[in-house]
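Protein chains in written order, with the working numbering: chain A, 1 to 201; chain B, 1001 to 1201.
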């Protein structure tokens, strides 16, 4: 059976849980507490030298980390990662964009607000993430104003990757009020068969 | 013929040029000057709404951006992206890690040093990127101390993705002196058949 090392507060962990559920994998969860540095123990660093959840361990002991790589691995051969070469490349385009332009602004702001003391330094960091975070949401809005999902082929792991932190963007200080197309897309994702909300395991 | 929108100063553009050369694609380059905001014109934003090079336009007008998505697209079906499912997932793991842990520290430091005035604010940003940049190099060093390439299957787009800014890390203020395994890997990458150096088109 697969073992997922995860922390319930993590949107990146949620991405992994969701694709495992959607593709019908049997897995058990080992809950680690990021806030107590449980991802920095020698035992966990042997699984993921980068010291981050989610990390997935296969029955034979091999380990895989990076939420988007886990999405990729389990979506292969399913409709969540289309077969058409250009559609696949577009899925990857959104997922790499997520890691560089979306996650460091929106997910990180949420983490700071929820788990750090709001010192002047943290406030300055949040302020610096405001414009690039809004730019990321603006880019999603323009795509979704004329499309149901991020890639024309339909609901894919690009949507899972970006849903994870977009639907809780307000917890990071980003109002979704100016983004009606994003709000409609969030509803569409939540009606995908087999969908499971972030709080669920 | 393919059209690559690129800027010679960009390591991300180099990733695209290198995979296009390695896989024998015919392409022309349109050189844009990032420093003159030529990636922010309405014409270019119609190609990549994210306003960044590299962006690739196919003969039928479809466009693809994100350097790692371009690597993925052209490597598919070649040895640069192995067929084994777990090896593929590991290639993706390194490439997503590159975008989140390596590029924002090492590539961004290089950009700031080469193209920005060293104000106190820029110096503080560089200082903040020091520890995570060294951590990224340290993680590569431990992998490469016992392996020829990042993934066991051999040279892949994970190596291209990480070579692009690692081999010029010193231009970003990161000495490679403490990383002998990285230095040996750089040489191995440069001996891969068909390799082309960053300054070349």
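Ideal Cβ positions, reconstructed from N, Cα and C, are used throughout, including at glycine.
For residue i, the nearest candidate out of the options (CA to CA)
i                       : options                           : result
residue 1003 of chain B : B/1161, B/1128 and B/1054         : B/1054
residue 1140 of chain B : B/1126, B/1162, B/1157 and B/1121 : B/1162
residue 143 of chain A  : A/40, A/158, A/171 and A/57       : A/158
residue 999 of chain B  : B/1005, B/1014, B/1069 and B/1001 : An answer regarding residue 999 of chain B cannot be provided, because it is not within the stretch 1001 to 1201 covered by chain B.
residue 1187 of chain B : B/1172, B/1028, B/1104 and B/1164 : B/1164
residue 1047 of chain B : B/1036, B/1035 and B/1060         : B/1060
residue 176 of chain A  : A/106, A/74, A/148 and A/11       : A/106
residue 1008 of chain B : B/1052, B/1032 and B/1196         : B/1032
residue 248 of chain A  : A/45, A/190, A/41 and A/172       : What is shown of chain A runs 1 to 201, which leaves residue 248 of chain A out entirely.
residue 148 of chain A  : A/185, A/87, A/170 and A/179      : A/185
residue 10 of chain A   : A/52, A/1, A/78 and A/24          : A/52
residue 1154 of chain B : B/1016, B/1084 and B/1001         : B/1084
residue 1057 of chain B : B/1001, B/1076 and B/1049         : B/1001
residue 1076 of chain B : A/89, A/64 and A/66               : A/89
residue 1034 of chain B : B/1049, B/1006, B/1066 and B/1086 : B/1006
residue 1066 of chain B : B/1079, B/1095 and B/1080         : B/1095
residue 1078 of chain B : B/1123, B/1117 and B/1156         : B/1156
residue 74 of chain A   : A/29, A/189, A/20 and A/109       : A/20
residue 64 of chain A   : B/1086, B/1080 and B/1063         : B/1086
Residue i versus residue j: straight-line alpha-carbon distance, rounded
i                       : j                       : result
residue 146 of chain A  : residue 183 of chain A  : 13 Å
residue 1121 of chain B : residue 1097 of chain B : 27 Å
residue 1068 of chain B : residue 100 of chain A  : 11 Å
residue 193 of chain A  : residue 70 of chain A   : 20 Å
residue 111 of chain A  : residue 133 of chain A  : 14 Å
residue 43 of chain A   : residue 1160 of chain B : 30 Å
residue 1045 of chain B : residue 102 of chain A  : 18 Å
residue 1113 of chain B : residue 41 of chain A   : 35 Å
residue 1151 of chain B : residue 1023 of chain B : 20 Å
residue 1092 of chain B : residue 1199 of chain B : 26 Å
residue 1131 of chain B : residue 1137 of chain B : 10 Å
residue 181 of chain A  : residue 119 of chain A  : 34 Å
residue 1025 of chain B : residue 1016 of chain B : 11 Å
residue 1125 of chain B : residue 1104 of chain B : 11 Å
residue 1082 of chain B : residue 1072 of chain B : 11 Å
residue 135 of chain A  : residue 128 of chain A  : 12 Å
residue 108 of chain A  : residue 37 of chain A   : 17 Å
residue 1196 of chain B : residue 1012 of chain B : 14 Å
residue 191 of chain A  : residue 1018 of chain B : 42 Å
residue 1174 of chain B : residue 189 of chain A  : 43 Å
residue 30 of chain A   : residue 179 of chain A  : 36 Å
residue 1027 of chain B : residue 170 of chain A  : 43 Å
residue 80 of chain A   : residue 49 of chain A   : 28 Å
residue 62 of chain A   : residue 39 of chain A   : 18 Å
residue 117 of chain A  : residue 1168 of chain B : 37 Å
Bridge partner(s) assigned by DSSP for residue i
i                     : result
residue 27 of chain A : A/2
Distance cut-off 7 Å: residue i Cβ against heavy atoms of the ligand FMN
i                       : result
residue 1149 of chain B : Looking at this structure, you won't find the ligand FMN or any other ligand, since it has none at all.
Worksheet item: Which of the residues in the stretch 1066-1081 of chain B, read from start to end, lie with their CB under 7 Å from any CB of chain A?
Response: Going along the stretch 1066-1081 of chain B in chain order, one finds 1066, 1068, 1069, 1072, 1073 and 1076 with a Cβ nearer than 7 Å to chain A.
Worksheet item: In chain order, which continuous runs of the alpha helix (DSSP H) of length 4 or greater are located wholly inside the stretch 1047-1084 of chain B?
Response: 1067-1075
Worksheet item: What alpha helix (DSSP H) runs, 4 residues minimum, are completely inside the stretch 128-182 of chain A?
Response: Qualifying alpha helix (DSSP H) stretches, in chain order: 157-166.
Item to complete: Return the chain-ordered ranges of every beta strand (DSSP E) run that is complete within the stretch 1081-1116 of chain B and spans a minimum of 3 residues.
Response: none
Discussion item. Please list, in chain order, the residues of the stretch 1127-1155 of chain B that have any C-beta partner in chain A closer than 7 Å.
Written reply: 1139 and 1142
Fill in: Residues, ordered as in the chain, of the stretch 1034-1049 of chain B that lie near chain A by beta-carbon distance below 7 Å
1049
Discussion item. If the cut-off is 9 Å on Cβ atoms, which residues from the stretch 1102-1120 of chain B count as contacting chain A, listed in chain order?
Written reply: 1103 and 1104
Worksheet entry | Residues, ordered as in the chain, of the stretch 51-67 of chain A that lie near chain B by beta-carbon distance below 7 Å | Sequence-ordered contacts of the stretch 51-67 of chain A with chain B read 62, 64, 65 and 66 [C-beta pairs closer than 7 Å].
Worksheet entry | Where the stretch 157-187 of chain A meets chain B: residues whose CB sits under 7 Å from a CB there | none
Practice prompt. Determine which residues of the stretch 1-17 of chain A have a Cβ less than 7 Å from any Cβ of chain B, and write them out in chain order.
Written response: Flagged: no residues at all.
Worksheet item: Taking Cβ-Cβ distances below 8 Å as the criterion, which residues of the stretch 16-31 of chain A are in contact with chain B?
Response: Those would be none; no residue qualifies.
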